[in-house]
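> Below: one structure in structure tokens.
Number of protein chains: 2
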Amino acid sequence: MYESLHVEHSSTVERVTEELRRALFEGELAPGTPLREVALAEQIGVARSTIREALSLLVAEGLATRVPNRGVAVSALLAEDVRDVLRARAALESAGARQWATATVEQQDAVREALDAFARTARSGASPAALTAAHLDIHRALVGLIGSERLLSTADALNAEIRLALARVDRVRRNAREQVSAHRELVSLLESGRTAEAVRALEHHLAGAEKSLVDAIHRRPHGPAAPRHRPDAD
Amino acid sequence: MYESLHVEHSSTVERVTEELRRALFEGELAPGTPLREVALAEQIGVARSTIREALSLLVAEGLATRVPNRGVAVSALLAEDVRDVLRARAALESAGARQWATATVEQQDAVREALDAFARTARSGASPAALTAAHLDIHRALVGLIGSERLLSTADALNAEIRLALARVDRVRRNAREQVSAHRELVSLLESGRTAEAVRALEHHLAGAEKSLVDAIHRRPHGPAAPRHRPDAD
DNA sequence: CCGTGGCTGATTGTCAGACAATCTGACACA
DNA sequence: TGTGTCAGATTGTCTGACAATCAGCCACGG
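As they're listed, the protein sequences go chains G and A.
Just so you know, we're using my numbering here: the first sequence kicks off at 320 and counts up by one.
Just so you know, we're using my numbering here: the second sequence kicks off at 320 and counts up by one.
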């Protein structure tokens, strides 16, 4: 017992990491932006070693990229990366969908709840970031049907990369209502046992997401060529 | 061009991490063994901060576990963990198998080559560790059929955990020849387009692996209860 | 006898400061 | 145009330090 009594993680590294993550998702730091150790250290008010650990965490999560002897920078997803991530998600989520029948009731309920939460969020006209989070929660719950904590972790990492990409292109504000009904349709296919159709619908949905993401990247090619270091504005 | 010309990573952290990994896979460090920072630092001859980074890497890979304020120790897989990992592998690998038809020729060849390499290794009666590595390479190549680098990384992490568990129970020396033919059968099912049968065979194989691993763990329950700190031998 | 509380040593988490190695960009030079 | 050199910036690693936290032990009191 008493398991529910645990204070928030008071680790300094954890707090710094969380702050950086927030800044990334919020779009305050554009992809390609270098994350200098000394600058961040004195700016946040912690030691360089602490910043170093936090940056390593971000790199491990795929949100930042480290080049030896040149430091870490905010990850800039290329079209190739988006394809990679979406392919991974398709594999994970359709594997989950295929296991709907053998999943536990809790796992199924998690999907339904995520769907409802998404619908509520869409109806209440929340912020784009919140909407994206709620949307991705449904897909996370699909992976949860597999029943592996480790796969849930990788699903989280994949979703984090997507959120990073979406932070720069929140113009994907297409009809949220439409998205809700599409996902509702997907879940009802699962519930009625039409697995093959559900998998097809899921793959169709992900293909669409991939296309819009790749288009967005091509429209604003913040590719591997880091923004030139210009002292003035452009 | 010139891409193939890159020296070995000369990073100290990388070397230390590699050394620790080797010790783990070799079974020199039993699960539960604490990895003390100062001790390792002066033993290997590097600074504590360097050891710290290396340990963080191991923790990120799942090979070690960190408890706040109590340090990191070699991961001890419980039966629950083995189930989790095997479930994840089943999802990834059968997803790969299902995509055999749409995979590129290179990806298919990777599977065939891994199979041949395994057969050669088995015939040459190599070390158990080498045999396990060759075996896992086949399964890795199956995940490769999906075409996502990120999923390959998670497959590597999962396989590393399995290798860690196998290091303590290399009594799984059952007939290697039998294993080879089982995998050959699996690949030929894929090549002949009998996907559903291949997936079934794969899941059967993984279920067997899970069972033997769980049995081994129960036989030698190096569970979460870390070995008491006794100054003398037992 | 058993639970409580406090003490001690060991270990981690974080900090400060230092220095060599490496990379970038600019500049001089052929 | 292409090459060599140099200064500045930044990382990778080291040393040393200290407070916070934890495990084990022991005394105390019910």
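Every residue gets a Cβ at the ideal spot worked out from N, C-alpha and C, and that includes glycine.
Okay, do the segment 428-440 of chain G and the segment 387-403 of chain G touch, 3+ Cβ pairs below 8 Å being the bar?
No, they do not touch.
> What first and last residue would you give for the beta strand (DSSP E) that runs through A/A392?
Its beta strand (DSSP E) spans residues G390 to V393.
> Please confirm if G/P543 has its CB atom under 8 Å from at least one CB of chain A.
No answer about G/P543 holds up, because its pLDDT of 39 lies below 50 and its placement is not dependable.
> Can you pull the chain A neighbours of G/A520, defined as C-beta to C-beta under 8 Å?
Under the 8 Å cutoff, chain A gives no residues; its nearest Cβ is about 17 Å from G/A520.
> When the Cα of G/T579 is compared with those of G/L359, G/L397 and G/A448, which residue comes out closest?
As shown, chain G starts at 320 and ends at 553. That puts residue 579 of chain G outside it, with no answer to give.
> Does any CB atom of chain G fall closer than 8 Å to the CB of A/L339?
Chain G, which has no Cβ nearer than 8 Å to the Cβ of A/L339, makes this no.
> What is the C-beta distance between G/L434 and G/R503, in whole angstroms, given that I count them as a contact (C-beta under 8 Å)?
Their Cβ separation, rounded to whole angstroms, is 6 Å, which keeps G/L434 and G/R503 in contact under 8 Å.
> Between A/L374 and A/V365, what straight-line distance do the alpha-carbon atoms span, to the nearest angstrom?
Taking the straight line from one Cα to the other gives about 13 Å.
> Buried or exposed: where does A/S413 fall if 16 or more other Cβ atoms within 10 Å of its Cβ makes it buried?
So A/S413 ends up on the buried side.
> For G/T384, which residues does DSSP report across the bridge?
Per DSSP, G/A392.
> By the 10 Å Cβ neighbour count, where 16 or more other Cβ atoms means buried, how is A/T473 classified, buried or exposed?
Buried, since its Cβ has 16 or more Cβ neighbours within 10 Å.
> Quick check for students: name the residue ranges of the beta strand (DSSP E) that lie wholly in the segment 432-495 of chain A, counting only runs of 3 or more.
None, since the segment 432-495 of chain A contains no complete beta strand (DSSP E) of that length.
> Using beta carbons (cut-off 8 Å, strictly below), is G/R538 in contact with chain A?
Output row for G/R538: interface = no.
> Going along the chain, which residues of the segment 451-483 of chain A sit with their C-beta nearer than 7 Å to a C-beta in chain G?
Here the close residues are I465, G466, S467, E468, R469, L470, T473 and L477.
> Just to confirm, is the Cβ distance from G/L483 to G/L343 under 8 Å?
It is a contact, given that the beta carbons lie within the stated cut-off.
> Are the segment 400-418 of chain A and the segment 522-536 of chain A in contact at 8 Å, needing three or more beta carbon pairs?
At 8 Å Cβ cutoff, the stretches touch.
> Can you tell me which residues form a DSSP beta bridge with G/P353?
G/P353 pairs with G/A392.
> Can you tell me whether G/R513 is helix, strand or coil according to DSSP?
G/R513: coil per DSSP, three-state reduction.
> So if I threshold CB-CB distances at 9 Å, which residues from the segment 368-381 of chain G count as touching chain A?
From the segment 368-381 of chain G, only S368, R371, E372, S375, L376, A379 and G381 have a Cβ closer than 9 Å to chain A.
> Indicate whether at least one CB of chain A lies closer than 8 Å to the CB of G/R406.
Yes, G/R406 lies at the interface with chain A (some Cβ there is under 8 Å from its Cβ).
> Give me the residue from G/S500, G/E372 and G/G463 with the minimum Cα distance to G/A520.
Out of G/S500, G/E372 and G/G463, G/S500 has the C-alpha closest to the C-alpha of G/A520.
> Any idea if A/G463 is buried or exposed, counting beta-carbon neighbours within 10 angstroms, 16 or more meaning buried?
With 16 or more Cβ atoms within 10 Å of its Cβ, A/G463 is classed as buried.
> Would you please state the rounded distance, in angstroms, between the beta carbons of G/P387 and A/S330? I believe it to be under 8 Å.
That pair is a contact at about 7 Å.
> Just to confirm the assignment, what range does the alpha helix (DSSP H) spanning A/S329 have?
Careful: A/S329 lies outside any alpha helix (DSSP H) and carries neither H nor E.
> Near A/I370, what residues of its chain come up, given a Cβ to Cβ distance below 6 Å and the 5 sequence neighbours on each side ignored?
So the qualifying residues of the chain are E356, L359 and A360.
> Determine the closest residue to A/V332 out of A/A349, A/A528 and A/R367, with distance taken between C-alpha atoms.
A/V332 has its Cα closest to that of A/R367, out of A/A349, A/A528 and A/R367.
> Might you give, ordered along the chain, the residues of its own chain that have their beta carbon closer than 6 Å to the beta carbon of A/L485, omitting 5 neighbours on each side?
T451.
> If G/T352 and G/R417 are in contact, beta carbons under 8 Å, what's the gap, nearest whole angstrom?
G/T352 to G/R417, Cβ: 40 Å. No contact.
> Should G/G415 be labelled buried (16 or more other beta-carbon atoms within 10 Å of its own) or exposed?
Answer is buried; the Cβ neighbour count reaches 16.
> Can a CB atom of chain G be found closer than 8 Å to the CB of A/S443?
Answer no: the Cβ-Cβ gap between A/S443 and chain G never drops below 8 Å.
> Would G/A422 count as contacting chain A if we go by Cβ distances under 8 Å?
With 8 Å as the cut-off, G/A422 does not count as an interface residue toward chain A.
> Take G/R538 and list the residues in its own chain whose beta-carbon comes closer than 7 Å to its own, dropping the five residues that flank it on each side.
There are no such residues.
> Under 8 Å between beta-carbons, which chain A residues line up against G/A395? List them in chain order, please.
Within chain A, no residue comes near G/A395; the closest Cβ sits about 16 Å away, beyond 8 Å.
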